[in-house]
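Chemist:
Residue numbers (this note's numbering): 2 to 595.
1. Can you tell me whether residue 5 is helix, strand or coil according to DSSP?
2. Given residue 379, which residues of its chain have a CB within under 7 Å of its CB, disregarding the five upstream and five downstream residues?
3. Exposed or buried, what is residue 111 when buried is set at 16 or more other beta-carbons lying within 10 Å of its beta-carbon?
4. Anyone know if the C-beta pair for residue 328 and residue 223 falls short of 8 Å?
5. Under 8 Å by Cβ, that's how I've got residue 102 and residue 80 pegged, so tell me the actual separation to the nearest angstrom.
6. Report the residue from 321, 203 and 285 whose alpha carbon sits nearest the alpha carbon of residue 398.
7. How do the stretch 448-467 and the stretch 425-440 stand: do at least 3 beta-carbon pairs fall below 8 Å, yes or no?
8. Identify the residues that DSSP records as bridge partners of residue 75: which are they?
9. For residue 559, which three-state DSSP category applies?
10. Since residue 384 and residue 422 should fall inside the 8 Å C-beta cutoff, what is the C-beta to C-beta distance between them, to a whole number of angstroms?
11. Among residues of its own chain, excluding the 5 on either side of residue 158, which ones have a beta-carbon nearer than 6 Å to its beta-carbon?
12. Once you ignore the five residues that flank residue 196 on each side, which residues in its own chain have a CB closer than 7 Å to its CB?
13. By the three-class DSSP mapping on this structure, what secondary structure does residue 182 have?
14. Return the first residue and the last residue of the alpha helix (DSSP H) that residue 108 is part of.
15. Give me the Cα-Cα distance between residue 490 and residue 191, rounded to the nearest whole angstrom.
16. According to DSSP, is residue 389 helix, strand or coil?
17. Comparing C-alpha positions only, which one of 381, 76, 474 and 437 sits nearest to residue 447?
18. At what residues does the beta strand (DSSP E) containing residue 473 begin and finish?
19. Spell out a yes or no on whether the stretch 161-171 and the stretch 7-22 are touching, meaning 3 or more CB-CB pairs, one atom from each, closer than 8 Å.
20. For residue 152, which residues from the same chain have a beta carbon less than 6 Å from its beta carbon, with the 5 sequence-adjacent residues on both sides left out?
21. Under 8 Å by Cβ, that's how I've got residue 273 and residue 206 pegged, so tell me the actual separation to the nearest angstrom.
22. In this structure, does DSSP put residue 589 in helix, strand or coil?
23. Just reading off the beta strand (DSSP E) that residue 162 is part of, what are its end residues?
24. Does DSSP put residue 298 in a helix, a strand or coil?
25. Checking 8 Å against the spacing of the C-beta atoms, do residue 565 and residue 348 come in under that value?
26. If distances are taken between C-alpha atoms only, which option among 163, 345 and 338 comes closest to residue 35?
27. Do residue 82 and residue 31 have their C-beta atoms closer together than 8 Å?
28. Under 8 Å Cβ to Cβ from residue 213, same chain only, skipping five residues before and after it: list those, please.
29. Is the distance from the Cβ of residue 425 to the Cβ of residue 443 below 8 Å?
30. With a threshold of 16 other CB atoms inside 10 Å of the CB of residue 461, please say whether the residue is buried or exposed.
31. Can you tell me where the alpha helix (DSSP H) holding residue 171 begins and where it ends?
32. Alpha carbons only, please: which of 199, 439 and 255 is nearest the one belonging to residue 333?
33. Can you tell me whether residue 299 is buried or exposed, with buried defined as 16 or more other CB within 10 angstroms of its CB?
34. Since residue 286 is in the alpha helix (DSSP H), which residue starts that stretch and which ends it?
35. Between residue 20 and the rest of its own chain, which residues show a CB-CB distance below 7 Å, the 5 nearest in sequence each way excluded?
36. Pull up the distance between the alpha-carbon of residue 180 and that of residue 255, whole angstroms please.
Have a look at this one:
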């Protein structure tokens, strides 16, 4: 029989489960695992500067490609607690990542040993499972089960905690006979799908709401085929953005209180039937449920049974993997089309595109300081459909989702539910590590950027190039805008007179010098006409030096981005002037129709 340490057995299982990359920070209690990583080979390790950063790198890595599972590794105590935010973010968005932590020896657990904390109990609410392995012989089974759980049903993260003595204990394990456990995914029945299609056919103005479950299932092509067969316009959610190209004739735009389009909300409010696939009716998407559901029939398809009816009761609920459901939906739709039994939806589809041509937001401004809308206009010009955008939270995310264009699945990589500040830099590094050939463009406000800014050094050390667009207004912009309801502007102002950078004019942190000090390249832009050239230069610098390149754009201090103030998708406030002539929105998908 083959004998090896339990740590080596764990690494061998990682390799046989398809893991090629890991992100983490070594420490005393996890060093046996690191020794096994080095001895086994085959897994590239990226050294983070903060362990939370490692967890977000693992998230970005998973989100970039179908089948990826990012792995983050840390020592005992605070390393595990640092990664809780990453686990929460991954669980919230159904992202499988594996967190491996070291632990104090089993003999001193519960004795307040140095950096001994019950991380499994802490992590359990934000993982599919979290376990401290107390018997070395259980290590292979625990890791095998971890991958099974991460991939089965609704995907999500798992934490495995390894006491140092468990890692070092020799066990019998033969890697050559190891095999992953079969993955379980529920599948819709033919009868369930026939009923769903029957309800769709009975409607006059149907819509498909496509969520992140379609992306997770790698089922975007099936979704597009079903939409085209039935002529049904599609509303992608923020997590589903990219499942069909933004310029597709059946793309009806996004719906919601914040990350939505004027035409998307208007179309949704005219609909009479909604087929939700792989979505969870998130509150920023729905807003007030009485407005969202009024006069509409709903079918909800989701991989997680407890999601059906969680927010509101659908007229027909189906527990199914999005890919399995879409295969049957396409099959049934093909049969009905061949029999001439699918209604003609061309008029309804044309009406959605007519709204796209009429209901647009203005992006072209020549103001100095730069208005943020102009930044996204220039990004549309500079970055093509192959670009993978990475973004976290705040007004930059909201305005970006309103104004940027995404044409492929996994090309808008966003932490949708948890929205932790600081996510963007490490997540972008994980995305770029997963797909080194793709152009990766991150988008941050200045506070998100500052939260885990030290991770830029990871990109410099490990030669991970990407472009980071930093929209700097020296404010917690989204919170400042939310404070308008309380008639305050309190503790959200980040400006100060930087004695080392008077040229910033009170904007505070000199992000260019910080980025350069961390081994990266950086460019500052203060005039709108210089944006295009700056983006082009950034791409060239990233390619030449193989490091992250920051483009800091100094924008006006206060811009109120369009959103609802009453939780009603029918009452989104357009704080800025809307587009009234084609030149106001030169990069819009449809030329403005006045």
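Built from N, CA and C at the ideal position, the CB exists for glycine as well.
Modeler: According to the structure data:
1. Here residue 5 corresponds to residue number 4 of the chain shown, with the count starting at 1. It is a strand residue.
2. Start at 1 with the first residue of the chain shown, and residue 379 comes out as number 378. So the list reads 532, 533 and 536, once near-sequence residues are dropped.
3. Against the chain shown, residue 111 aligns to sequence position 110. It is exposed - the Cβ of residue 111 has fewer than 16 other Cβ atoms within 10 Å.
4. Here residue 328 refers to the residue found at position 327 when the chain shown is read from its first residue. Here residue 223 refers to the residue found at position 222 when the chain shown is read from its first residue. Yes, the Cβ-Cβ distance between residue 328 and residue 223 is below 8 Å.
5. Locating residue 102 in the chain shown gives position 101, counting from the first residue. Locating residue 80 in the chain shown gives position 79, counting from the first residue. Yes, they are in contact, since the Cβ atoms of residue 102 and residue 80 sit about 6 Å apart, within 8 Å.
6. Against the chain shown, residue 398 aligns to sequence position 397. Measuring from the Cα of residue 398, the nearest candidate turns out to be 285.
7. yes
8. Residue 75 sits at position 74 when you count from the first residue of the chain shown. In the DSSP output, where bridge partners are listed per residue, residue 75 has 102.
9. Counting from one through the chain shown, the residue named residue 559 turns up at place 558. In the structure shown, residue 559 sits in coil (DSSP, three-state: anything other than H, G, I, E or B).
10. Against the chain shown, residue 384 aligns to sequence position 383. Against the chain shown, residue 422 aligns to sequence position 421. Going by Cβ atoms, the distance from residue 384 to residue 422 rounds to 24 Å, so no, they are not a contact pair.
11. Walking along the chain shown from the start, residue 158 turns up at place 157. Correct list, in chain order: 88, 91, 92, 98 and 128.
12. Position 195 of the chain shown, counted from the start, is the residue given in the question as residue 196. Taken in chain order, the residues that qualify are 317.
13. Sequence index remark: in the chain shown, residue 182 carries index 181 (1-based). In the structure shown, residue 182 sits in coil (DSSP, three-state: anything other than H, G, I, E or B).
14. Your numbering for residue 108 matches position 107 in the chain shown. That residue, residue 108, is in no alpha helix (DSSP H); it is neither H nor E in DSSP.
15. Residue 490 sits at position 489 when you count from the first residue of the chain shown. Residue 191 sits at position 190 when you count from the first residue of the chain shown. For residue 490 and residue 191, the distance between alpha carbons rounds to 56 Å.
16. Locating residue 389 in the chain shown gives position 388, counting from the first residue. In this structure, residue 389 counts as strand in the three-state DSSP scheme.
17. Within the chain shown, the letter at position 446 stands for residue 447. Checking every option, the nearest Cα to that of residue 447 belongs to 474.
18. What you label residue 473 is simply residue 472 of the chain shown in a count that begins at 1. 467-473 is the extent of the beta strand (DSSP E) around residue 473.
19. yes
20. The residue you call residue 152 lines up with position 151 of the chain shown. Cβ neighbours of residue 152 beyond the five flanking positions: 184.
21. Residue mapping note: residue 273 aligns to position 272 of the chain shown, counting from 1. Residue mapping note: residue 206 aligns to position 205 of the chain shown, counting from 1. Indeed, because the Cβ distance is near 5 Å, the residues count as touching under 8 Å.
22. In the chain shown, residue 589 corresponds to position 588, counting from 1. Residue state, collapsed to three classes: coil.
23. If you number the chain shown from 1, residue 162 lands on position 161. From DSSP, the beta strand (DSSP E) with residue 162 extends over 159-164.
24. Residue mapping note: residue 298 aligns to position 297 of the chain shown, counting from 1. Of the three classes helix, strand and coil, the one that applies to residue 298 here is strand, per DSSP.
25. Translated into the one-based positions of the chain shown, residue 565 becomes position 564. Translated into the one-based positions of the chain shown, residue 348 becomes position 347. Not in contact: residue 565 and residue 348 (Cβ atoms no closer than 8 Å).
26. To locate residue 35, count along the chain shown from 1; it is residue 34. Ranking the options by Cα distance to residue 35, first place goes to 163.
27. Position 81 of the chain shown holds residue 82. Position 30 of the chain shown holds residue 31. Going by C-beta atoms, residue 82 is not nearer than 8 Å to residue 31.
28. As a position in the chain shown, residue 213 is number 212, starting the count at 1. The answer, listed in chain order, is 94, 95, 238, 240, 241, 279, 280 and 417.
29. Indexing the chain shown from 1 puts residue 425 at position 424. Indexing the chain shown from 1 puts residue 443 at position 442. Yes; because the gap between Cβ atoms is below 8 Å, this pair is in contact.
30. Sequence index remark: in the chain shown, residue 461 carries index 460 (1-based). Result: buried.
31. Translated into positions along the chain shown, residue 171 becomes position 170. Segment 171-173 is the beta strand (DSSP E) holding residue 171; no alpha helix (DSSP H) there.
32. If you number the chain shown from 1, residue 333 lands on position 332. The option with the nearest alpha carbon to residue 333 is 199.
33. Here the question's residue 299 lines up with position 298 in the chain shown. When all chains shown are included, residue 299 counts as buried.
34. If you number the chain shown from 1, residue 286 lands on position 285. Start and end: 284-287.
35. For the purposes of this step, residue 20 is taken as residue 19 along the chain shown, with counting starting at 1. Same-chain partners within the cutoff: 44, 70 and 72.
36. Position 179 of the chain shown, counted from the first residue, corresponds to residue 180. Position 254 of the chain shown, counted from the first residue, corresponds to residue 255. Spanning the two alpha carbons is a distance of roughly 42 Å.
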